[in-house]
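Numbered by mature numbering (1 follows the signal peptide of the UniProt record, and there is no 0), the letters in the sequence shown go through residues -21 to -1, 1 to 102 in order. C-beta atoms are modelled at their ideal positions from N, C-alpha and C, and glycine is treated no differently. Report on one structure; see the data block that follows.
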Amino acid sequence: MKTPILTCLLSILLFTSSSCEKEDSPTSCATQSPVVRQVKDAEGVIVFNSEMDRYLIYSSQPGTIDVVAIGVVCGDLPEGLKQVGKEVVFSGIYKNYTPASMPPVGHTWYYLELSKAELKGGN
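Now the structure itself:
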């Protein structure tokens, strides 16, 4: 079951990689944006968006097959996490983010301020 979800998440990247505008700075985040929700020990997949020059974490909503939270990582990921396609367990807060174009239905973009992140299973 995890393979179809991972495949789905990675294929979404192909369709949405051009839907975001490039940020002014790789470390910028919307400090004024309100916190939308907090997550603890959520699971996701590391993605790199070359147009934004930013790392993202795609996290599917448990119990669904097509609802995905796309977190634009605030700051920089530690070197050990810069592994595209790897599964990660993370905690942090999501803040409002408005992509340059309308994302597909079921995909919501956020700024993601990480408080903890590690590769799943120590991979």
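Checklist line | Residue from Tyr73, Val63, Ile44 and Ala48 whose Cα sits closest to the Cα of Pro13 | finding: Of the listed residues, the one whose Cα sits closest to Pro13 is Tyr73.
Margin query: Rounding to the nearest angstrom, what Cα-Cα distance links Ile49 and Gly101 in this structure?
Written below: If I take the Cα positions, the gap works out to 22 Å.
Check: So, residue 108 versus Asp20, is the Cβ gap smaller than 8 Å?
Finding: Limits of the chain in this structure are -21 at one end and 102 at the other, which puts residue 108 out of reach.
Note to self: Closest to residue 103 by C-alpha separation, out of Gln40, Ser70, Val46 and Leu35, would be which residue?
What the structure shows: Missing from the structure shown is residue 103; the chain here goes from -21 to 102 and no further.
Next item on the list: Take Lys99 and list the residues in its own chain whose beta-carbon comes closer than 8 Å to its own, dropping the five residues that flank it on each side.
Entry: Closer than 8 Å at the Cβ level, and outside the excluded window around Lys99, lie Glu22, Lys65, Glu66, Val67 and Val68.
Note to self: Residues in the same chain with beta-carbon distance under 8 Å from Tyr89, minus the five sequence neighbours each way, listed in chain order, please.
What the structure shows: The beta carbon of Tyr89 is closer than 8 Å to those of Val15, Ala48, Ile49, Gly50, Val51, Tyr73, Lys74, Asn75 and Tyr76 in its chain, skipping five residues each way along the sequence.
Item checked: Chain-order list of residues whose beta-carbon lies under 6 Å from that of Thr87 (same chain, five-residue window excluded) -> Contacts found: Ala48.
Note to self: Among Gln62, Ala79, Glu97 and Val63, whose alpha-carbon lies nearest the alpha-carbon of Gly71?
What the structure shows: Ranking the options by Cα distance to Gly71, first place goes to Glu97.
Check: Using a Cβ-Cβ cut-off of 8 Å (strictly less than) and excluding sequence neighbours within five positions of Tyr94, which residues of its own chain qualify?
Finding: A quick correction: the sequence has Ser, not Tyr, at residue 94. By the criterion of a C-beta distance shorter than 8 Å, Ser94 is surrounded in its chain by Ser70, Gly71 and Ile72, once the five residues flanking it on both sides are discounted.
Check: Which value, in whole angstroms, describes the spacing of the CA atoms of Glu92 and Arg33?
Finding: Distance between the alpha carbons of Glu92 and Arg33: 13 Å.
Notebook entry, point to check: Between Pro57 and Phe27, what straight-line distance do the alpha-carbon atoms span, to the nearest angstrom?
Noted result: Take the alpha-carbon of Pro57 and the one of Phe27: they are about 14 Å apart.
Next item on the list: Taking only the alpha-carbon atoms, compute the straight-line gap between Gln17 and Gly59 and give it to the nearest angstrom.
Entry: Their Cα atoms are separated by approximately 23 Å.
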